[in-house]
Structures are given as structure tokens and as C-alpha cells.
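Residue numbers (my numbering): 1 to 235. All C-beta atoms in this analysis are idealised placements derived from N, C-alpha and C, irrespective of residue type, glycine included.
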Ligand code: HEM
């Protein structure tokens with residue numbers, strides 16, 4: 001964790017799990033099996049940073065897509081207003097179109113568009129031989145647009161996720177993969193699904209520059225300088 005001071009966590013070790021004011025840090029400190037302070041600090045950092053800015057980048061891309069697709073926004077509205085949309089927060093599972101829009105947005109605009117791994121030992125990866133310390137760059141943005149795995153890869157098509165269709169094998173990596181896969185993926189999909197549905201249901205989303213804005217590949221991938229208006233719908 002940049003700037004982390006695991007030593008500062010030590011006093012908190014003394015607090016019991018039910019101590020007043022206990023919080024996410026307390027939960028991590030009392031995890032079973034126990035984690036060393038360095039791991040607690042880096043996990044806390046990942047949750048606070050990754051759990052906030054990354055979903056925000058995804059939501060910006062969703063707004064970008066909605067602003068350009070009034071018909072899709074209308075379909076989302078119908079779903080939200082329909083018998084399965086309901087109003088309860090638990091209804092995300094019954095919003096298949098909204099979830100498909102989220103999954104498709106994360107395919108075309110994965111906020112974590114570049115990841116790295118460092119080989120710990122000599123190994124091979126396909127045709128490549130790696131030595132200890134070699135870095136491997138993984139680019140979900142390119143993998144998600146590779147025609148070997150995706151039909152019409154550059155087309156925004158939520159229908160490719162309809163009826164519970166799954167991604168083609170390991171070619172869908174918005175949340176990474178393997179032992180360091182995103183811990184918040186289920187929460188993120190649920191939150192974004194509800195946000196997408198509610199946005200379309202309650203607002204008309206427009207943007208003066210959605211047609212010209214370009215994605216920015218700095219840190220998290222998101223449309224740079226997108227401007228959008230949210231006009232409350234009266235019903
Ligand atoms: C759209 C939303 C999100 C996306 C696209 C996303 C993406 C990712 C990716 C790609 C990784 C793996 C990075 C790597 O392998 O190098 C990751 C890790 C992680 N994410 Fe997320 N994330 C999202 C939301 C969240 C949320 C909401 C939380 C927590 C509340 C969260 C917590 C974490 C944590 C703790 C890790 C580190 C896991 C580990 O290293 O063991 N993420 N995320």
C-alpha cells in the first residue's frame with residue numbers, strides 16, 4: 001500500500017471484534033485465518049481505491065453508452081417499470097437487460113484495461129519463455145475485442161449476454177482472473193446493474209459530446225471529458 005504504515009495498525013489489533021466503532025479495518029484485522037498487517041493494509045487500500053474509482057469509471061462508460069442509445073434506455077425503462085423490475089434493491093437479479101448492459105460495457109470499456117504479472121520462476125506462456133522477474137502485460141481491452149473470441153467485437157451488443165449466455169472461456173477479464181481476481185466483482189455487477197436500471201428509469205440521459213468523446217487510457221479507462229445531463233422523468 002503506497003504510504004501504508006502497517007505499524008499504525010498495531011494498536012487496533014487490541015480491539016476486540018465487537019469493539020465500538022469497529023469497521024472494515026476491524027473486520028480485516030480479525031479475519032480468520034489471520035492476515036499479517038502488510039496484507040491487511042494492502043487489502044484495505046485495494047478495497048478503498050478499487051471499490052470506489054473503478055466502479056465510477058465503469059458507471060461513466062455506462063452513461064456514455066446510454067446517452068448514445070435512447071432506444072436501449074427505453075428498453076431498460078420498460079424492464080425497470082415492468083412486473084419483474086420491482087422497486088426493491090434486491091431486484092438486480094431480475095434485471096437481465098440492465099445486467100447485460102453492464103457486462104457489455106465492461107467488455108468494451110474495461111476500467112482495468114491493463115494488468116501486470118511478474119514471473120516468480122522460469123516458466124513458459126504459450127510460445128513465450130519467461131525468466132524470473134519478467135513482466136507480463138495483460139490487456140483486457142484488446143482481448144475483449146479479439147475476433148477470435150467475439151463476433152462483431154467492436155459492436156456494443158448487450159444481446160450477447162442474454163439468456164444467461166456466458167463469456168467465451170477466459171476471454172472476458174474485466175475483473176482479472178486467478179488468485180488475484182477482484183474480490184468485489186459480484187458486488188460491483190449488482191451495484192452497477194441497479195444503478196443502470198434506476199438511471200434509465202428515472203432520468204433521460206443526454207450528452208452534448210458523447211459522439212466525439214474518446215476513451216482515455218490513463219489509469220482507469222473512461223471516456224475523457226464526457227459531459228452529460230440527467231433530466232428527471234415525470235411519471
Ligand atoms: C466495475 C467495478 C470493478 C472492476 C472493473 C474491478 C476490477 C478489478 C481487477 C481487474 C482486479 C485485479 C487486478 C489485478 O489482477 O492486477 C481487481 C482487484 C481487486 N478488487 Fe476490484 N474491481 C471493481 C470493483 C471492486 C469493488 C466494488 C471492490 C470492493 C468493494 C473491489 C475490490 C478489489 C480488491 C480487494 C482487489 C484485490 C484482490 C487481490 O489482489 O487479491 N473491486 N479489481
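### Message
Just verifying my parser: in three-state terms, what is the DSSP assignment at residue 36?
### Response
Three-state DSSP puts residue 36 in coil, outside helix and strand.
### Query
Among the residues of its own chain, which have a CB less than 6 Å from the CB of residue 89, if the five just before and after it don't count?
Residue confidence is low: residue 89 scores 48 on pLDDT, short of 50, so the model does not pin down where it sits. No coordinate-derived value is stated.
### Query
Should residue 3 be labelled buried (16 or more other beta-carbon atoms within 10 Å of its own) or exposed?
Model confidence at residue 3 stands at a pLDDT of 47, short of 50, so the residue's coordinates are unreliable; what they give is reported in the following sentence. Exposed, by the Cβ-count rule.
### Message
Beta-carbon within less than 6 Å of residue 160's beta-carbon, same chain only, minus the 5 sequence neighbours each way: which residues are those?
### Response
Contacts found: none.
### Message
In the DSSP assignment, the alpha helix (DSSP H) including residue 155 goes from what residue to what residue?
### Response
Per DSSP, residue 155 belongs to no alpha helix (DSSP H) and is neither H nor E.
### Task
Note down, one range per segment and in chain order, each beta strand (DSSP E) of at least 3 residues found wholly within the segment 96-180.
Here the runs fully enclosed are 115-118, 123-125, 128-130, 135-138.
### Query
In terms of DSSP beta bridges, what is residue 203 paired with?
Beta-bridge pairing links residue 203 to 232.
### Query
What span of residues does the beta strand (DSSP E) with residue 210 cover, start to end?
Per DSSP, residue 210 is not a residue of any beta strand (DSSP E), being assigned neither H nor E.
### Query
Can you tell me whether residue 218 is buried or exposed, with buried defined as 16 or more other CB within 10 angstroms of its CB?
Sixteen is the threshold: since fewer than 16 other Cβ atoms of the shown chains lie within 10 Å of the Cβ of residue 218, the residue is exposed.
### Task
For residue 222, name the three-state secondary structure that DSSP assigns.
Three-state DSSP puts residue 222 in a strand.
### Task
Starting from the C-beta of residue 215, find all residues in its chain whose C-beta is less than 6 Å away, skip the five residues before and the five after it, and write them out in chain order.
For residue 215, where only same-chain residues beyond five positions count, the Cβ hits under 6 Å are 221, 223.
### Message
Quick check: residue 55 and residue 226, are their CB atoms within less than 8 Å of each other?
### Response
Contact flag unset, no.
### Query
What do you get for residue 148, buried or exposed, if any count of 16 or more other CB atoms within 10 angstroms of its CB means buried?
A residue is called buried when at least 16 other Cβ atoms come within 10 angstroms of its Cβ; residue 148 does not meet this threshold and is exposed.
### Query
Taking Cβ positions, are residue 140 and residue 174 nearer each other than 8 Å?
Residue 174 sits close to residue 140, with the two beta carbons spaced by under 8 Å.
### Message
Let's test the definition: count the other Cβ atoms within 10 Å of the Cβ of residue 107 and tell me whether it reaches 16, buried, or not, exposed.
### Response
Buried, because 16 or more other Cβ atoms sit within 10 Å of the Cβ of residue 107.
### Query
The alpha helix (DSSP H) spanning residue 23 covers which residue range?
Here residue 23 belongs to no alpha helix (DSSP H), and DSSP marks it neither H nor E.
### Message
Which residue marks the beginning of the alpha helix (DSSP H) containing residue 76, and which one marks its end?
### Response
Membership of residue 76 in the alpha helix (DSSP H) is indicated by the continuous run 70-81.
### Message
What I want to know is whether the C-beta of residue 29 ends up closer than 7 Å to one or more non-hydrogen atoms of ligand 1.
### Response
Checking every heavy atom of ligand 1 against the Cβ of residue 29, none is found closer than 7 Å.
### Query
Cα separation between residue 144 and residue 100?
The straight-line gap from Cα to Cα measures roughly 15 Å.
### Query
Do you know how far the Cα of residue 68 is from the Cα of residue 35?
Distance between residue 35 and residue 68, taken at the CA atoms: about 46 Å.
### Task
Below 8 Å CB to CB, which residues in the same chain sit around residue 116 once its five sequence neighbours on both sides are set aside?
135, 136, 137, 138.
### Query
Taking the C-alpha atoms as reference points, what is the distance between residue 163 and residue 41?
Distance between residue 163 and residue 41, taken at the CA atoms: about 40 Å.
### Query
What residue from 181, 15, 233, 213 has the CA that sits closest to residue 61's CA?
Cα-wise, what sits closest to residue 61 is 213.
### Message
With distance defined between alpha-carbon atoms, name the residue in 196, 203, 81 nearest to residue 98.
### Response
Comparing Cα positions, the closest option is 196.
### Query
Can you list, in chain order, the residues of its chain whose CB lies under 6 Å from that of residue 66, leaving out five sequence neighbours each side?
Sequence-distant partners of residue 66 (beyond 5 residues in either direction) whose C-beta falls short of 6 Å from its own C-beta, in its chain, are 73, 205.
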